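40 is the number that this note's numbering gives to position 20 of the sequence shown; each next residue is one higher, with no gaps.
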Amino acid sequence: MKRRLIGYYDYTVILTYCGMLSALIGIMMVLNGRGHFITATILLLVAGLCDMFDGAVASTKDRDQMQKNFGVQIDSLGDLVSFGVFPAVFEYCLCGKTISAGIIACFYTLCGLIRLAYFNVLEAERQAEDPTKKKTFMGMPITTIALLLPAAYFVFRSGIIRNPEIISVVLAISAVGFVTPIEIKKPGKRGKLIIIAIGAVILAGVIWLLVRKYR
Numbered sequence: 021m022k023r024r025l026i027g028y029y030d031y032t033v034i035l036t037y038c039g040m041l042s043a044l045i046g047i048m049m050v051l052n053g054r055g056h057f058i059t060a061t062i063l064l065l066v067a068g069l070c071d072m073f074d075g076a077v078a079s080t081k082d083r084d085q086m087q088k089n090f091g092v093q094i095d096s097l098g099d100l101v102s103f104g105v106f107p108a109v110f111e112y113c114l115c116g117k118t119i120s121a122g123i124i125a126c127f128y129t130l131c132g133l134i135r136l137a138y139f140n141v142l143e144a145e146r147q148a149e150d151p152t153k154k155k156t157f158m159g160m161p162i163t164t165i166a167l168l169l170p171a172a173y174f175v176f177r178s179g180i181i182r183n184p185e186i187i188s189v190v191l192a193i194s195a196v197g198f199v200t201p202i203e204i205k206k207p208g209k210r211g212k213l214i215i216i217a218i219g220a221v222i223l224a225g226v227i228w229l230l231v232r233k234y235r
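This is the structure we're talking about:
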């Protein structure tokens, strides 16, 4: 029986799609002007939250190898938009679309792309040898930017550091982390709770900026 549409359509990919669309809307808001950066930052946090749980949701359904491979690929492609392109556009627009900001944006996205592609290669080899859940990351996960960028933006907008180039510094350091061959332990339930708590604190700070803006 022929498929009407290519791809797989079930609940296991809903969070992946929601996260990518959240980031895409954030990109549109950033391109619309400076006044939307706070909202865009919130959308990046939402994309990070979706990414944190999409794997757990996918694991609740029995999938064949094709479906698993599709899940790996669609997750990485969504991550490229959410945590590769989105932060780069954010930084470039916030820093005045200068040449230096553009260079850092390009460098960051390129490193993110390499990291995601290399992850896919390692994941395919790993699953062929050991189908159990992986315990470590190779290189800094690209999704880390979903916490680092909003935190840096809060520091900038709250006046702690008044130079927007703090975002450029965060992206440059993150880019190097993406391609550095270090093993990082994958967070367990306690680690995820800590990450969620940190994200909640950052979100509260960003919402405070939003309320202060319209006060």
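We put the beta carbon where it would ideally sit given N, CA and C, even for glycine. Since we're looking at a predicted model, the values are computed, not measured.
(Q) Which of the three DSSP states is assigned to residue 160 in this structure? (A) Coil at residue 160, not helix or strand.
Q.
Can you give me the C-alpha to C-alpha distance between residue 21 and residue 87, rounded to a whole angstrom?
A. Because residue 21 carries a pLDDT of 47, less than 50, the predicted location of this residue cannot be relied on, and the following value inherits that uncertainty. C-alpha separation (whole angstroms): 17 Å.
Q: Tell me, please, which residues DSSP counts as bridged to residue 204.
A: 157
Q: Could you check what DSSP says for residue 117 in three-state terms: helix, strand or coil?
A: Coil, per DSSP.
Q | Per-residue DSSP class, three states only, for residue 183 | A | coil
Q) Near residue 37, which residues of its chain fall below 6 Å by C-beta distance, leaving aside the five closest residues on each side in sequence? A) Correct list: empty, nothing qualifies.
Q. Going straight from the alpha carbon of residue 115 to that of residue 80, what length do you get?
A. Residue 115 and residue 80 have their alpha carbons spaced roughly 42 Å apart.
(Q) So, for residue 125: in the same chain, excluding its five sequence neighbours on each side, which residues have a beta-carbon less than 6 Å away from its beta-carbon? (A) 108, 111 and 112
**Q.** Backbone CA spacing between residue 224 and residue 165 [nearest angstrom]
**A.** 17 Å
Q. Can you tell me where the alpha helix (DSSP H) with residue 177 in it begins and where it stops?
A. 165 to 177
Q) Are at least three pairs of beta-carbons, each pair with one atom in the segment 54 to 69 and one in the segment 154 to 162, less than 8 Å apart? A) no
Q. Straight-line CA distance for residue 121 to residue 83?
A. 43 Å
Q: Out of 221, 217, 161 and 213, state which residue places its alpha-carbon closest to the alpha-carbon of residue 194.
A: Of the candidates 221, 217, 161 and 213, the one whose C-alpha sits nearest the C-alpha of residue 194 is 161.
Q.
residue 187 and residue 174 - do their beta-carbons sit closer together than 8 Å?
A. no
(Q) Within 10 Å of its beta-carbon, does residue 118 have 16 or more other beta-carbons around it, so buried, or fewer, so exposed? (A) exposed
Q.
Within 8 Å, do at least three Cβ pairs link the segment 24 to 33 to the segment 58 to 72?
A. no
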